[in-house]
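Accompanying notes for the structure given below.
In the numbering used here, the protein residues as written are 37 to 463.
Printed below as a string of structure tokens:
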């Protein structure tokens, strides 16, 4: 298996697309194996697509594109701007709050970071914030999208690990909110004491009437995550049905409430969604082949035994898994990491009594965090390219954000009740 891992990394380094790198490694294993026919690889690809819960992914991707084009996202930006633009750090707070609000809309950290870099990147620089700091705030705040429902990563984790997606959605809310406040504290302290940003350059403290008026204008967008959680919790919708509902919801609100969604713009969002869905689904199908090889080689059993030989203390096992995920997340895209490592790590953590829901939320934060760091940080490179920010400048200003995220992950790992409070009490 080590040789195939080296082959996989080599293919990535020479620029082969992720899905094809996975497929090449999987097919090469089947071609060289004596006891497994190559046709099994094709069967596993087909089997990977035959999943009802997996329908939630394309539905939520389409819903996110429709909401971006129907005026919902624009209203969320205005609301976030009104709420926090008056605090030292200005628009950097706006991008963090918007990530929390958009977590229930886009479901993708990379999509969220790219959208905010295009919309808020230049205004943040014009407000007096350095380019590196602006890019870092946009990129790292997109981590919140990994927690707030309907996180696509949590859906995939639940699907692969056979974990309740409804519980995962509830478990992600408190960590997402804590992450939002943690990053806002970093922005405030940095803007106040490092950049010496004066209050005169910021927006005025909003009046209650202004906040209520703005909230009323985007109430349908704010209600979306609430409706999602309630309908899944009480069994009205499965996660896949909730995704289909999200598409209908976005169309109805965009067309009949905000009246900004036309047939032409709807078709545009459908075309854009097809690109994103095709990329994600090809990765999922290719990872199905790798997943079969992992099970065939009994890697989960070997890894569980190896970790248990080191320690059977749940805290130490959790720490080992999270450190491992952090390094893997720095090298691989988050979706692939979840699809490949969930079937390996879930049996490991369950063998020592760790709740897979608690672990799933931590896993999503850590592997998404890897996307904001070198050497293969997709979100990092996306934001830096859009904002034309040198990598060394980004890394220098991102250091306080990195430290804050690591400290929060440690706290969430040490105190599981912070993650499990909502699912334990509502399920």
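Every residue, glycine too, gets a C-beta built ideally from N, C-alpha and C.
Environment of residue i [buried if 16+ CB atoms lie within 10 Å]
i: residue 154; result: exposed
i: residue 275; result: buried
i: residue 101; result: buried
i: residue 416; result: buried
i: residue 116; result: buried
i: residue 394; result: buried
i: residue 240; result: exposed
i: residue 215; result: buried
i: residue 423; result: buried
i: residue 223; result: buried
i: residue 368; result: buried
i: residue 51; result: exposed
i: residue 105; result: buried
i: residue 459; result: buried
i: residue 236; result: Bear in mind that the predicted position of residue 236 carries a pLDDT of just 45, short of 50, making it unreliable; the figure below should be weighed with that in mind. Exposed.
i: residue 129; result: buried
i: residue 65; result: buried
i: residue 209; result: buried
i: residue 329; result: buried
i: residue 137; result: buried
i: residue 303; result: exposed
i: residue 190; result: buried
i: residue 453; result: exposed
i: residue 449; result: buried
i: residue 195; result: buried
For residue i, three-class secondary structure by DSSP
i: residue 165; result: coil
i: residue 433; result: helix
i: residue 86; result: coil
i: residue 122; result: coil
i: residue 391; result: coil
i: residue 273; result: coil
i: residue 426; result: coil
i: residue 52; result: coil
i: residue 138; result: helix
i: residue 107; result: coil
i: residue 451; result: coil
i: residue 406; result: helix
i: residue 236; result: Residue placement at residue 236 is flagged as unreliable, the pLDDT there being 45, under the threshold of 50; a coordinate-derived value is accordingly withheld.
i: residue 151; result: helix
i: residue 99; result: helix
i: residue 184; result: coil
i: residue 456; result: helix
i: residue 385; result: helix
i: residue 399; result: helix
Test: residue i CB closer than 8 Å to a CB of chain B
i: residue 68; result: Although the question refers to chain B, the structure presented lacks it and comprises just one protein chain.
Length-filtered (4 minimum) alpha helix (DSSP H) runs lying within the region 285–360:
DSSP runs (the alpha helix (DSSP H)) wholly in the region 285–360: 299–332, 335–346.
Beta strand (DSSP E) runs contained entirely in the region 188–221, provided each spans 3 or more residues:
The qualifying runs do not exist here; there are none.
At least three beta-carbon pairs within less than 8 Å, the region 385–405 to the region 179–188:
Touching, per the Cβ criterion.
Cβ contact check for the region 73–86 and the region 323–335: 3 or more pairs under 8 Å
Enough Cβ pairs lie closer than 8 Å, so yes.
Taking one C-beta from the region 333–348 and one from the region 145–163 each time, how about it: are there three or more such pairs within less than 8 Å?
The region 333–348 vs the region 145–163: no contact.
Is there contact here, the region 241–254 with the region 98–112, by at least three beta-carbon pairs under 8 Å?
Counting C-beta pairs with one atom in each stretch, the region 241–254 and the region 98–112 have three or more that are closer than 8 Å, which means they touch.
Can at least three beta-carbon pairs, one atom from the region 400–414 and one from the region 357–375, be found at a separation below 8 Å?
Judged by Cβ distances under 8 Å, the region 400–414 makes contact with the region 357–375, as three or more pairs qualify.
Indicate whether the contact test is met: 3 or more Cβ pairs, each with one atom in the region 58–78 and one in the region 303–322, closer than 8 Å.
Taking one beta carbon from each stretch, the region 58–78 and the region 303–322 have 3 or more pairs nearer than 8 Å; the two touch.
Using 8 Å as the threshold, is the region 203–211 in touch with the region 262–271, meaning 3 or more CB pairs across them?
In short, these stretches touch, since the Cβ pair count reaches three.
Report yes or no: do three or more beta-carbon pairs, one from the region 425–441 and one from the region 168–176, lie closer than 8 Å?
Yes, the region 425–441 is in contact with the region 168–176.
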